[in-house]
Amino acid sequence: MPEYLKNHNAPFTIGNDESWLVEKRYFHDGEIIDLDIDFSQKINLPITDDSVIDKQRTGWYLTPNPMHAAIRNFLNWAVIILLISLGYLFLQPILDIWGLGGFGTGRVRFGLLDYPILAVFVLPILFAPIILRVVANLSDLVKQRTFLLDSPRSPNIKIDNMPTANEELNVEIKFPKKNSKWMDIEVLWRVGVLPPSRESLMTAFGKKTNQQPPPGLTTELPHHWHVNLDDGTGGGEDSPMESNDVKGGLFIRPMRIMEQSENVKLKNGKVSLKPPKGFWPGTVFSPLIRVHWELVIMIKRESGRSLMWVEPLNVQHPKNKSSVEANVNSGRTETNHPSTIH
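First residue of the sequence shown? That's 1 in the working numbering, and the numbers climb one at a time after it.
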């Protein structure tokens with residue numbers, strides 16, 4: 001048994017039973033095999049060609065309008081104000097009995113209907129985020145069209161040795177042509193867990209791909225699937241409006257479980273990156289479990305919104321079992337920019 005396992009990658013645990021859990025273990029006769037041996041570092045399940053990685057997590061990406069994140073925070077407060085207002089109006093008859101009736105309890109007529117005066121103040125607060133969201137999306141679409149008309153050439157990336165999990169990464173980066181509006185360039189690499197394929201999830205639940213999905217899984221979205229903007233495993237809107245001119249979109253989605261290294265400025269075309277925090281496994285790209293590593297180059301521009309190049313990495317595994325806590329984020333593009341995660 002030990003000789004057989006030496007040709008396989010080490011088991012790993014990401015997260016725990018109390019939160020998100022991604023785990024790989026070996027069983028024999030119904031019992032867990034827990035041996036203190038050196039496993040193979042070779043990548044047995046590398047990233048395949050023409051995969052979802054090539055379509056959704058490779059190439060140039062833009063930074064969404066920062067208004068999106070501000071709107072999301074503002075919307076939380078708008079909902080709180082709405083609930084307080086409804087509670088206040090609900091208690092208004094009791095307050096009148098006690099002689100405590102006050103502001104907002106009167107009526108104002110619009111057309112044939114009467115509305116509480118308080119609604120005149122609350123409704124604009126609720127509709128403002130929607131209007132601002134539309135403005136931000138239109139701004140993003142304009143930025144995307146402008147970028148597509150004059151997109152830069154791909155950088156030349158050279159890695160000294162085969163990347164290995166939990167070890168430093170030495171990278172050499174050269175740009176065929178730099179834009180005059182580019183400023184500082186920072187580099188990092190990160191690791192995380194991507195969602196399983198829709199087919200594997202449906203199979204795990206004993207369903208066919210064209211059947212009603214289980215709770216928590218979205219219904220089929222043929223148009224988004226066609227342009228690779230969604231694989232049907234999401235739980236709602238996770239990114240700003242994207243142009244369909246680029247398959248996969250121009251806004252990279254964060255991995256729900258993700259950890260990244262420190263940002264390091266690129267000097268003289270070379271950079272040395274420390275590994276992300278924790279003891280992670282190497283690359284695993286199977287239909288059900290997907291541990292993904294990628295290199296991110298962030299280019300600050302005069303316009304204020306940074307430009308990113310994302311390069312997927314096939315990373316070797318550690319020799320021994322790995323275990324790391326799952327750092328779960330919201331999964332929304334506008335609130336998980338690499339420069340804001342520490």
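All C-beta atoms in this analysis are idealised placements derived from N, C-alpha and C, irrespective of residue type, glycine included.
Practice prompt. State the Cα-Cα distance for the pair Leu35 and Leu45, rounded to the nearest angstrom.
Written response: Here residue 35 refers to the residue found at position 35 of the sequence shown. Here residue 45 refers to the residue found at position 45 of the sequence shown. Those two C-alpha atoms are separated by around 22 Å.
Item to complete: Select from Val142, Asp49, Asn73 and Ser51 the residue whose C-alpha is nearest the C-alpha of Ser349.
Response: Outside the modelled stretch of the chain, which goes from 1 to 342, sits residue 349, for which no answer is possible.
Discussion item. Measuring straight from C-alpha to C-alpha, what distance separates Asn228 and Val142?
Written reply: Position 228 of the sequence shown holds residue 228. Position 142 of the sequence shown holds residue 142. Reliability of the predicted coordinates at Asn228 is poor, the pLDDT of 47 falling under 50, and the value obtained from them is presented with this limitation in mind. The alpha-carbon atoms of Asn228 and Val142 are separated by roughly 21 Å.
Practice prompt. Less than 8 Å between the CB atoms is what I'm expecting for Val310 and Thr63, so what's the real figure, rounded?
Written response: By 1-based counting over the sequence shown, the position of residue 310 is 310. By 1-based counting over the sequence shown, the position of residue 63 is 63. Wrong, their Cβ atoms sit about 13 Å apart, outside the cutoff.
Practice prompt. Compare the beta carbon distance of Phe175 and Pro155 with 7 Å and say whether it is the shorter of the two.
Written response: Walking along the sequence shown from the start, residue 175 turns up at place 175. Walking along the sequence shown from the start, residue 155 turns up at place 155. Yes; because the gap between Cβ atoms is below 7 Å, this pair is in contact.
Worksheet item: What is the rounded straight-line gap between the Cα of Gln316 and the Cα of Thr283?
Response: If you number the sequence shown from 1, residue 316 lands on position 316. If you number the sequence shown from 1, residue 283 lands on position 283. Cα to Cα, Gln316 sits roughly 7 Å from Thr283.
Worksheet item: Does DSSP classify Val121 as helix, strand or coil?
Response: Locating residue 121 in the sequence shown gives position 121, where the first residue counts as 1. According to the sequence as given, residue 121 is Phe; it is not Val. Reduced to three states, the DSSP call for Phe121 is helix.
Item to complete: Verify whether the separation of the beta carbon atoms of Met241 and Asp140 is less than 7 Å.
Response: For the purposes of this step, residue 241 is taken as residue 241 along the sequence shown, with counting starting at 1. For the purposes of this step, residue 140 is taken as residue 140 along the sequence shown, with counting starting at 1. Against a cut-off of 7 Å, the Cβ pair of Asp140 and Met241 comes out as a contact.
Fill in: Whole-angstrom distance between Pro116 and His226, CA atom to CA atom
On the sequence shown, residue 226 is found 226 positions in, with the first residue counted as 1. On the sequence shown, residue 116 is found 116 positions in, with the first residue counted as 1. Caution is warranted here: a pLDDT of 46 is assigned to His226, below 50, making its placement in the model unreliable, and the coordinate value is therefore given only provisionally. Straight-line Cα distance between these residues: approximately 47 Å.
Worksheet item: With respect to the beta strand (DSSP E) encompassing Phe110, which residues constitute its N-terminal and C-terminal limits?
Response: Indexing the sequence shown from 1 puts residue 110 at position 110. Taken as a continuous stretch (DSSP letters only), the beta strand (DSSP E) holding Phe110 covers Arg107 to Phe110.
Practice prompt. Can you give me the Cβ contacts of Thr335 inside the same chain, cut-off strictly under 6 Å, excluding the 5 residues immediately before and after it?
Written response: Your numbering for residue 335 matches position 335 in the sequence shown. The residues are Ala69.
Worksheet item: Any idea what DSSP makes of Arg290, helix, strand or coil?
Response: Sequence index remark: in the sequence shown, residue 290 carries index 290 (1-based). DSSP places Arg290 in strand when its eight states are reduced to three.
Fill in: Cβ neighbours of Pro11 in the same chain (closer than 7 Å, five flanking residues each side left out)
The sequence position of residue 11 within the sequence shown is 11, counting from 1. Taken in chain order, the residues that qualify are Lys24, Arg25, Tyr26 and Lys321.
Practice prompt. Would you please state the rounded distance, in angstroms, between the beta carbons of Glu167 and Pro312? I believe it to be under 8 Å.
Written response: Taking the sequence shown and counting its residues from 1, one reaches residue 167 at position 167. Taking the sequence shown and counting its residues from 1, one reaches residue 312 at position 312. Wrong, their Cβ atoms sit about 18 Å apart, outside the cutoff.
Practice prompt. Write down the C-beta distance between Leu295 and Ile157 rounded to the nearest angstrom, noting that I regard them as a contact closer than 8 Å.
Written response: Against the sequence shown, residue 295 aligns to sequence position 295. Against the sequence shown, residue 157 aligns to sequence position 157. Their Cβ separation, rounded to whole angstroms, is 7 Å, which keeps Leu295 and Ile157 in contact under 8 Å.
Discussion item. Only counting the same chain, and skipping five residues up and downstream in sequence, which positions put a Cβ closer than 6 Å to that of Val324?
Written reply: Position 324 of the sequence shown, counting from 1, holds the residue named residue 324. Ile14, Gly278, Phe279 and Trp280.
Practice prompt. Just confirm the distance between the C-beta atoms of Lys265 and Ile185, as a whole number of angstroms; I'd bet it's less than 8 Å.
Written response: Position 265 of the sequence shown, counted from the start, is the residue given in the question as residue 265. Position 185 of the sequence shown, counted from the start, is the residue given in the question as residue 185. 7 Å between Cβ atoms; contact.
Item to complete: Pull up the distance between the alpha-carbon of Ala136 and that of Pro129, whole angstroms please.
Response: Against the sequence shown, residue 136 aligns to sequence position 136. Against the sequence shown, residue 129 aligns to sequence position 129. The alpha-carbon atoms of Ala136 and Pro129 are separated by roughly 10 Å.
Discussion item. Using CA atoms only, rank isn't needed, just tell me which of Asn268, Pro254 and Glu262 is closest to His337.
Written reply: Here residue 337 corresponds to residue number 337 of the sequence shown, with the count starting at 1. Nearest of Asn268, Pro254 and Glu262 to His337, Cα basis: Pro254.
Item to complete: Note down, in chain order, each residue of its chain lying with its Cβ closer than 6 Å to the Cβ of Thr209, except the 5 sequence neighbours on either side.
Response: If you number the sequence shown from 1, residue 209 lands on position 209. Taken in chain order, the residues that qualify are Glu199 and Met202.
Worksheet item: Going by the CB atoms, is the gap between Ser243 and Gln144 shorter than 7 Å?
Response: Translated into positions along the sequence shown, residue 144 becomes position 144. Translated into positions along the sequence shown, residue 243 becomes position 243. Going by C-beta atoms, Gln144 is nearer than 7 Å to Ser243.
Worksheet item: Just the Cα atoms here: how many angstroms apart are Phe127 and Ala326?
Response: The residue you call residue 127 lines up with position 127 of the sequence shown. The residue you call residue 326 lines up with position 326 of the sequence shown. Their backbone Cα atoms lie some 36 Å apart in a straight line.
Worksheet item: Who pairs with Val328 in a beta bridge, going by DSSP?
Response: Taking the first residue of the sequence shown as position 1, residue 328 is located at position 328. According to DSSP, which records beta bridges pairwise, Val328 is partnered with Ile257.
Fill in: Per-residue burial, Ser261 [other beta carbons within 10 Å of its own, 16 or more giving buried]
Reading the sequence shown from its first residue, position 261 is the one you call residue 261. It is buried - the Cβ of Ser261 has at least 16 other Cβ atoms within 10 Å.
Practice prompt. Measure from the alpha carbon of Leu169 to the alpha carbon of each residue in Thr340, Ser272 and Ser19, then state which is nearest.
Written response: Locating residue 169 in the sequence shown gives position 169, where the first residue counts as 1. Closest by alpha carbon: Ser272.
Practice prompt. Go through its chain and collect everything with a Cβ distance to Arg153's Cβ below 8 Å, but skip five positions before and after it.
Written response: In the sequence shown, counting from the first residue as 1, residue 153 sits at position 153. Excluding positions up to five away in sequence, the list reads Phe175, Pro176 and Lys177.
Fill in: Close Cβ partners of Gly269 (< 8 Å) along its chain, the five nearest in sequence each way excluded
The sequence position of residue 269 within the sequence shown is 269, counting from 1. Hits under 8 Å: Glu172, Ile173 and Lys174.
Fill in: Bridge partner(s) assigned by DSSP for His28
Start at 1 with the first residue of the sequence shown, and residue 28 comes out as number 28. Answer is Glu31, bridged to His28.
Worksheet item: According to the neighbour-count rule (16 or more other Cβ atoms, all chains shown, within 10 Å of its Cβ), is Leu250 buried or exposed?
Response: Locating residue 250 in the sequence shown gives position 250, where the first residue counts as 1. Burial call: buried.
Discussion item. By alpha-carbon positions, which one of Lys207, Val52, Asp160 and Gln41 ends up nearest to Asn7?
Written reply: Your numbering for residue 7 matches position 7 in the sequence shown. Considering only alpha carbons, the answer is Gln41.
Practice prompt. Counting only runs of 4+ residues fully inside the stretch 14 to 78, write out the alpha helix (DSSP H) ranges in chain order.
Written response: 52 to 56
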